[in-house]
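Going left to right, the sequence shown walks through residues 552 to 934 as the working numbering numbers them. The structure appears right after this line, and notes come after that.
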Amino acid sequence: MPHLRRAGLQVHENVVSPLPYLPASPLPEKPAFQRALLRWYETHRRTLPWRKNPTPYRVLVSEFMLQQTRVETVIPYYERFLALFPALKDLARTPLQKVLKAWAGLGYYARARNLHRTAKTICRDLGGKIPRTKEELLRLPGFGPYTAGAVASLAFNQPVAALDGNAKRVLGRFFPKDCDFRQASAKKEAEKFLEGWIPPGRASDFNQALMDLGAMVCIPYRPRCSACPTLKFCPTKGELPEKKPAVRKFREETWAVALVEREGRYLLHHNEAGGLLSGLWQFPKVAVEKNQGKDAGRAGLWKLLKKYFLEDFGLEVKTKSRLPDQEYFFTHIHALMKPYLCSLADPGNLLPPSKSVRWVKPSNFSRYPISTAMRKVAALLGR
C-alpha cells in the first residue's frame, strides 16, 4: 500500500479504499458500497451467453475469447464454438486444425492454441477438472493474472480480483489521477484493494457488477454519472479522470503474397513455422520490414518471392498480374500485403498435395482455417 499512502490516501478496515481523504466528507463504509453496487447489478446486469449457465468450461472459453476482443464481437463466435465443442473433453480430443477453423475470423490465434493445449492438459493430467484457484490456473497455457482471476472468481466464486478494462475504469475513480494501472505495481495494489472489497460469497457477482458498471455507466469520455448507483461514494463524479490511451506502436511489414493458380485451384500452405498465424493455412508469402531498403519495393519483393518458391517448394513461378494492395493490423504488426496472381513456369512440374500443401478451389477455402488477413487477399479472386 505504499503507493497509495504516498499519494496521501487513508486506508481503513471497513471503508471503500483507496478514497482520497476528504475531511469535510466522511468515507463511505464497505457494506453501503457493496449493497448499492449489487442491487444495481441484480436489475441491470448484461445478458451474456456465458452467464446463462456459467459452468467452469463455459467461463473458461469466454475468458479466452474476450482477451483483447470486444464482447459484442465475441458472442456469435462463442455460441458457434460451444455448439461444436459443448464440453471440455470434446475440445481436448478435437485436432487443432478443426479448433483453429472454428476460431477463424476472431483473430489472435495463439488464444485458440493455448485454449486447446489447456483442455488437453486438464483432461490428461487433472482428471478433466478445471482448477479452482488462481494459483493453479496460472500454471496452465495462456493464463495470465487477469484470466486466472476471472475464471477463479466467475466460475468458482473465489474471492480474487478480476480487473478487466471496464472494472479498472471504475476503480480508477477512487485512485489518484496519476495512478497508471498499466504499471505492474499499481495494478497489483489495485487488485489487493479490490479483494478487500469483495463481499463474502459474492465474488462472482461483485466482479461482474464492476465490469458492467464500467461497460454501461462509467464509460470513457462521457460517463453517465446520474445513472451511477455509487455516485454518492465517487470522489470524481462529473469529471473525466481517464487519460487517453497510449498510442499503440506497430512494426511495419510488407508482405509479398503469391496466389499461384493451376487449373482453377490455388496453392495453400500450412504454416508450421510458429509465430504469427502459426497453425493456419495461407497463401505462400515472404515478409520484410518496411525499412529494409530495396527488398520492400515491388521488384525486391518479387525477387524474394521467386527465391522462396525455388528453395521451399522446388517450383518456378511467374507473375500474371498484380492485385490491389491490402492491409491488416495485428496486435503489434501493420502488414501491407502486395498480392501477385501467379502461375507455374512449368505446368508439368506439379507439386503433389501433402500435409503442408494443398491445391484448393476458392469455393473450398472455407474448409480451412485461414486468417482474416489472408481472407482479404482471397476475396480479390472474386472481383
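Glycine residues also receive a C-beta, built at the ideal position from the N, C-alpha and C atoms.
By Cβ distance, which residues of its chain are closer than 6 Å to alanine 713, with the 5 residues on each side in sequence left out?
By 1-based counting over the sequence shown, the position of residue 713 is 162. Same-chain partners within the cutoff: Gly700, Ala701, Ser704, Asn758.
Starting from glutamate 655, trace the alpha helix (DSSP H) both ways and give me its first and last residue.
In the sequence shown, the residue the question calls residue 655 occupies position 104. The sequence given here has alanine at residue 655, not glutamate. Note, alanine 655: premise wrong, no alpha helix (DSSP H); not H, not E.
Less than 9 Å between CB atoms is the rule here; does tyrosine 817 satisfy it with respect to chain B?
Included in the structure is just one protein chain, with no chain B present.
Contact between the segment 876 to 887 and the segment 924 to 934 is defined here as three or more beta-carbon pairs at a separation below 8 Å; is this criterion met?
yes
Coil, strand or helix - threonine 672 by DSSP
Looking up residue 672 in the sequence shown gives position 121. It is helical.
Paired residues, beta bridge with tyrosine 879 - DSSP
If you number the sequence shown from 1, residue 879 lands on position 328. Ala886.
How would you write the range of the alpha helix (DSSP H) that threonine 698 sits in, first residue to last?
Position 147 of the sequence shown, counted from the first residue, corresponds to residue 698. Run containing threonine 698: 696 to 707, per the alpha helix (DSSP H) assignment.
Do tryptophan 654 and alanine 663 have their C-beta atoms closer together than 9 Å?
Counting from one through the sequence shown, the residue named residue 654 turns up at place 103. Counting from one through the sequence shown, the residue named residue 663 turns up at place 112. A contact, by the Cβ cut-off of 9 Å.
Output needed for asparagine 822: all residues of its chain with C-beta closer than 8 Å, excluding positions within five of it in sequence on either side, in chain order.
Taking the sequence shown and counting its residues from 1, the one referred to as residue 822 is at position 271. Apart from the 5 residues on each side of it in sequence, asparagine 822 sits with its Cβ closer than 8 Å to the Cβ of Leu828, Ser829, Gly830, Leu831, Trp832, Gln833 in its chain, given in chain order.
Opening and closing residue of the alpha helix (DSSP H) in which alanine 583 lies
One-based indexing of the sequence shown puts residue 583 at position 32. Here the alpha helix (DSSP H) through alanine 583 covers 581 to 595.
Chain-order list of residues whose beta-carbon lies under 8 Å from that of leucine 782 (same chain, five-residue window excluded):
The count along the sequence shown starts at 1 and reaches residue 782 at position 231. These residues qualify, in order along the chain: Cys776, Lys788.
With the cut-off set at 9 Å, would you say alanine 661 and glycine 693 are in Cβ contact?
Against the sequence shown, residue 661 aligns to sequence position 110. Against the sequence shown, residue 693 aligns to sequence position 142. A contact, by the Cβ cut-off of 9 Å.
Could you spell out where the beta strand (DSSP E) holding tyrosine 817 opens and where it closes?
Locating residue 817 in the sequence shown gives position 266, counting from the first residue. 816 to 821 is the extent of the beta strand (DSSP E) around tyrosine 817.
Beta-carbon within less than 6 Å of histidine 885's beta-carbon, same chain only, minus the 5 sequence neighbours each way: which residues are those?
Start at 1 with the first residue of the sequence shown, and residue 885 comes out as number 334. Closer than 6 Å at the Cβ level, and outside the excluded window around histidine 885, lie Phe801, Glu803.
Close-in-space but distant-in-sequence residues of the same chain around proline 913 (CB under 6 Å, 5 per side omitted):
As a first step, residue 913 must be located in the sequence shown, where it is residue number 362. If we look at proline 913 and ignore the five residues flanking it on each side, its Cβ neighbours are Leu932.
Three Cβ pairs or more, each shorter than 8 Å: is that satisfied between the segment 618 to 635 and the segment 670 to 686?
Counting C-beta pairs closer than 8 Å gives fewer than three between the segment 618 to 635 and the segment 670 to 686, which falls short of the contact rule.
How would you write the range of the alpha helix (DSSP H) that arginine 602 sits in, first residue to last?
What you label residue 602 is simply residue 51 of the sequence shown in a count that begins at 1. Arginine 602 -> alpha helix (DSSP H) spans 600 to 603.
Which of helix, strand or coil does DSSP assign to cysteine 893?
If you number the sequence shown from 1, residue 893 lands on position 342. In this structure, cysteine 893 counts as strand in the three-state DSSP scheme.
Closest by CA to lysine 836, which one among Gln585, Tyr859, Tyr817, Glu814?
On the sequence shown, position 285 is the one that residue 836 refers to. That would be Tyr859, whose Cα lies nearest to the Cα of lysine 836.
Could you tell me the boundaries of the beta strand (DSSP E) in which lysine 869 lies?
Residue mapping note: residue 869 aligns to position 318 of the sequence shown, counting from 1. First-last of the beta strand (DSSP E) with lysine 869: 868 to 873.
Could you give the DSSP three-state label for leucine 677: helix, strand or coil?
Counted from its first residue, the sequence shown places residue 677 at position 126. Coil.
So which of Tyr697, Phe916, Leu588 has the shortest CA-CA distance to phenylalanine 615?
To locate residue 615, count along the sequence shown from 1; it is residue 64. Residue Tyr697 is the option with its Cα nearest to phenylalanine 615.
Touching by the beta-carbon criterion (3+ pairs, under 8 Å), the segment 590 to 597 and the segment 749 to 765
The segment 590 to 597 vs the segment 749 to 765: in contact.
Rounded Cβ spacing between lysine 857 and valine 868 (contact assumed at less than 8 Å):
By one-based count along the sequence shown, residue 857 stands at place 306. By one-based count along the sequence shown, residue 868 stands at place 317. Yes, lysine 857 and valine 868 are in contact; Cβ-Cβ is about 6 Å, under 8 Å.
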